[in-house]
Every structure is written in structure tokens, then in C-alpha cells.
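Chemist:
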Amino acid sequence: MSDWRPRALAAIVFDFDGVILDSESADYEAHRRIYQRCGVPLTRDDWCNQVGIPMEGDVSPWAIRLRVLSADAPDPDRFLAEKRRLFDELVSNEPMRGITELVDAAAAASVGVAVASASPRWWVAKGLDRIGLRHRFDILVTGDDVTRVKPAPDLYLEALGRLNVAGGRAVAIEDSAPGIMAARTAGLATVAIPHWLTEIHDLSSADLRVAHAGELTLEGLDALVCRLRTGS
Numbered sequence: 161m162s163d164w165r166p167r168a169l170a171a172i173v174f175d176f177d178g179v180i181l182d183s184e185s186a187d188y189e190a191h192r193r194i195y196q197r198c199g200v201p202l203t204r205d206d207w208c209n210q211v212g213i214p215m216e217g218d219v220s221p222w223a224i225r226l227r228v229l230s231a232d233a234p235d236p237d238r239f240l241a242e243k244r245r246l247f248d249e250l251v252s253n254e255p256m257r258g259i260t261e262l263v264d265a266a267a268a269a270s271v272g273v274a275v276a277s278a279s280p281r282w283w284v285a286k287g288l289d290r291i292g293l294r295h296r297f298d299i300l301v302t303g304d305d306v307t308r309v310k311p312a313p314d315l316y317l318e319a320l321g322r323l324n325v326a327g328g329r330a331v332a333i334e335d336s337a338p339g340i341m342a343a344r345t346a347g348l349a350t351v352a353i354p355h356w357l358t359e360i361h362d363l364s365s366a367d368l369r370v371a372h373a374g375e376l377t378l379e380g381l382d383a384l385v386c387r388l389r390t391g392s
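The opening position of the sequence shown corresponds to residue 161 in this note's numbering, with each subsequent residue numbered one higher.
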């Protein structure tokens, strides 16, 4: 085992949906199938603009939208029940590429890891259990823990506080524009891993962009934090 330790990197804070677990594809496909049954297309462009933005209220805006567009649309309760059934069938049982290896490397180097997700706690915990990673995260901060979610910085500020780490010594890994904005506002270095559903988001403000977490190393993330801290 390597005895390498980072010079500046103290923590990595991960978004959950679309970064650790590909729940985004299953969520979109579940909605798309319901829309298709009602004779209404649901395209990636229709969908992608809401990725990273939490649903407000108890009724899905997608259920409301479908009732406007189709006389065959189910009522909101039936829509939600069918969406959940389809989602459970479709969602992956494996973490996204490179995530397990990066979390393991962080543990070996005594780098803290946390999740900062706008999703509710029950789902983040269930999703981590599903892919066998629940025990590997020191901190879970979810939409249940803050008043404002992304693009506000509150989730990341709460995670930093629980980790007892300054923003300038942490890296956020995100897949959406609201997430990148939240992390940058909280003072973290940012890595964008665009999901196929968020590729059209403007992720240009991220400090680094990669195709998947397998392209990341602790050494590279430490160098990124060092560069940003020194301005070089």
C-alpha cells in the first residue's frame, strides 16, 4: 500500500444522482415510457433542463404536464406509483464507473468523503445501500438537512462543516450546472462529470471536466487544489 498523502486535498464531496449512481437514466426512462403510453414524446431536451433542480410540492410537474397534453394521462397518484415501479426495475445495482476506486483511494490516504445531494435522505441512503457503498461515506448531507438546495451553496457548506474542512481544501464532483454553481459558491474546487442527460448544461465554470470518475486520481485532485490555492 502506498504511503502517499496529499499536500492540500482534505475531502471529496460527491453529488449522488448521476455521479455515484446512475439514477438519472432510470428516472428519465420511467417518465418517458409513461408519456409514450399516452401518445406524448418526452425528449432528452425536454428532460435535461430540470436535472439538478428539486421538485417543489407534492405533485410531480411531469404528471401535471402530461395531463395537459393527453386525455389518457393517469392521475398524479397513479402516475407516481407507476413511475416508482418502472424506476425500481430500471435503476442500476452498480456504482458509476470509477467511483468505488476513487472512494477507496481516498480512504487509504485519509481523505474525507461525503455526499451532498438535494435528494431526500431516505433515497440517498437506500441508493448507497443498493450499490454497497453506504458504509464508505463519512457524511451524508441531503435536501432534508438544509433550507435551500442547489444552486444555493448550503448543502456543500453543511458538508464542509461536518467534515471540519475548509472549502479551499475540498473538491466537489458534480454532473449538473446547479451543482457546479453550488460548489463553487461554497469555495470548493469543482470537477464536472457530465451525464448523458446533462451534456447540454453549461459546465464551463468547472475547474476540471472528465468523462468518468475512472479518469480521476487523488494525486490529480490534490494538484488541482494546490493550483487553485496558489493561483498558479
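From the three backbone atoms N, C-alpha and C, an ideal C-beta is built for every residue, glycine too.
At what residues does the alpha helix (DSSP H) containing I340 begin and finish?
Modeler: Segment A337 to T345, the alpha helix (DSSP H) holding I340.
Chemist: For T350, list the residues DSSP reports as bridge partners.
Modeler: The partner list for T350 (beta bridge, DSSP) reads A332.
Chemist: Are the beta-carbon atoms belonging to G178 and T358 less than 8 Å from one another?
Modeler: The answer is yes: Cβ separation under 8 Å.
Chemist: Starting from G292, follow its DSSP beta bridges and name the residues at the other end.
Modeler: Note: G292 sits in no beta bridge, so no partner.
Chemist: For the ligand ADP, any of its heavy atoms closer than 7 Å to the Cβ of G339?
Modeler: Among the ligands in the structure shown, none appear at all, so the ligand ADP cannot be discussed.
Chemist: Tell me the rounded alpha-carbon separation between V325 and A171.
Modeler: Taking the straight line joining both Cα atoms gives about 7 Å.
Chemist: Would you mind sorting R329 into buried or exposed? The rule is 16 or more other CB atoms within 10 Å of its CB.
Modeler: Classification of R329: buried, given that the 10 Å Cβ count is 16 or more.
Chemist: Give me whichever residues DSSP pairs with R369 in a beta bridge.
Modeler: A352.
Chemist: Do you know offhand how far A371's Cα is from L288's?
Modeler: Cα to Cα, A371 sits roughly 22 Å from L288.
Chemist: So the candidates are C198, H191 and M341; which of them puts its Cα closest to the Cα of D206?
Modeler: Selected option, being the one with the closest Cα: H191.
Chemist: Less than 8 Å between the beta carbons of A367 and T350, yes or no?
Modeler: As written in the sequence, residue 367 is Asp, which differs from the Ala given in the question. A contact, by the Cβ cut-off of 8 Å.
Chemist: Checking 8 Å against the spacing of the C-beta atoms, do V331 and L202 come in under that value?
Modeler: In this structure, L202 does not lie closer than 8 Å to V331 by Cβ.
Chemist: To the nearest angstrom, how far is it from the Cα of A223 to the Cα of C208?
Modeler: If you take the alpha carbons of A223 and C208, they lie about 16 Å apart.
Chemist: Applying the criterion that 16 or more other CB atoms from any shown protein chain within 10 Å of the CB defines a buried residue, is H355 buried or exposed?
Modeler: Looking at its Cβ environment, which holds 16 or more other Cβ atoms inside 10 Å, H355 is buried.
Chemist: Is the region 267-283 touching the region 251-258 in the sense that three or more CB pairs, one from each, lie closer than 8 Å?
Modeler: The region 251-258, when compared against the region 267-283, does not touch it at the 8 Å Cβ threshold.
Chemist: Just to confirm before moving on: does the CB-CB distance between A285 and V173 stay below 8 Å?
Modeler: Contact flag unset, no.
Chemist: Below 8 Å between beta carbons: does that hold for G272 and D298?
Modeler: Yes, Cβ-Cβ distance for G272 and D298 is below 8 Å.
Chemist: At which residue ranges does the region 183-237 contain complete alpha helix (DSSP H) runs of 4 or more residues, listed in the order of the chain?
Modeler: Listed in chain order, the complete alpha helix (DSSP H) runs (minimum 4 residues) inside the region 183-237 are 183-197, 204-208 and 221-229.
Chemist: Taking the alpha-carbon of A231 as reference, which of V263, P255 and C198 has the nearest alpha-carbon?
Modeler: Ranking V263, P255 and C198 by Cα distance to A231 puts C198 first.
Chemist: According to the neighbour-count rule (16 or more other Cβ atoms, all chains shown, within 10 Å of its Cβ), is T302 buried or exposed?
Modeler: Label assigned to T302: buried.
Chemist: Just to confirm my understanding: we take F247, look at its own chain, exclude 5 residues before and 5 after, and list those with CB closer than 7 Å. What are they?
Modeler: Same-chain partners within the cutoff: A186, D187 and A190.
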